[in-house]
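Under the UniProt record's numbering, the very last position in the sequence shown is 105; numbers go up by exactly one each time.
Glycine included, every Cβ here is placed at the ideal spot set by N, Cα and C.
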Amino acid sequence: MMLLRGVDQDRTNQTVGENVRPQFLPDQLRVPSRAIQFRQLGLRVWALRAKKGLSQEGLGLDVDLHPTFVSMVERGERNVTIATVEKLAKALKCRMADLMPDADE
1 MMLLRGVDQD RTNQTVGENV RPQFLPDQLR VPSRAIQFRQ LGLRVWALRA
51 KKGLSQEGLG LDVDLHPTFV SMVERGERNV TIATVEKLAK ALKCRMADLM
101 PDADE
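Laid out in structure tokens, this is it:
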């Protein structure tokens with residue numbers, strides 16, 4: 001029998017995921033994952049852009065971003081800086097808070 005240095009031998013025979021429980025703090029249960037937050041922000045950008053009748057290209061020109069980047073933001077595939085959220089809010093004539101996902105969603 002081969003012993004692995006630094007590994008409890010009893011645990012080496014377990015299958016992946018067996019007896020594994022995530023350790024959550026109460027606050028972590030209320031905060032949506034980053035992916036969900038990115039998607040929520042993207043949906044808000046998309047909805048406001050569509051309501052204003054702007055294309056992704058038009059919004060991109062207003063905020064000096066490539067239309068592909070705007071598309072990726074709307075799909076929740078890109079993380080954005082606060083500065084970018086500020087530019088988007090200004091171009092969409094809304095508050096930054098209108099674009100940001102709520103922690104309790």
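Cβ of residue i within 7 Å of any chain B Cβ
i	result
Met-96	Although the question refers to chain B, the structure presented lacks it and comprises just one protein chain.
Span of the alpha helix (DSSP H) around residue i
i	result
Asp-62	56–63
Cys-99	A quick correction: the sequence has Leu, not Cys, at residue 99. From DSSP, the alpha helix (DSSP H) with Leu-99 extends over 96–99.
Thr-68	67–74
Residues near residue i in its chain [Cβ-Cβ closer than 8 Å; skip 5 each side]
i	result
Glu-74	Gly-42, Leu-43, Val-45, Trp-46, Arg-49, Gln-56
His-66	Gly-60
Nearest-angstrom beta carbon gap, residue j and residue i [assumed within contact, 8 Å]
i	j	result
Ala-91	Asp-62	4 Å
Met-96	Val-80	The Cβ separation is near 11 Å, so there is no contact.
Distance between residue j and residue i (C-alpha atoms, nearest Å)
i	j	result
Thr-12	Phe-38	Confidence is the limiting factor: at Thr-12 the pLDDT is only 47, short of 50, which leaves the residue's position unreliable and the question unanswerable from this model.
Asp-64	Gly-58	10 Å
Helix, strand or coil at residue i [DSSP, three-state]
i	result
Leu-92	coil
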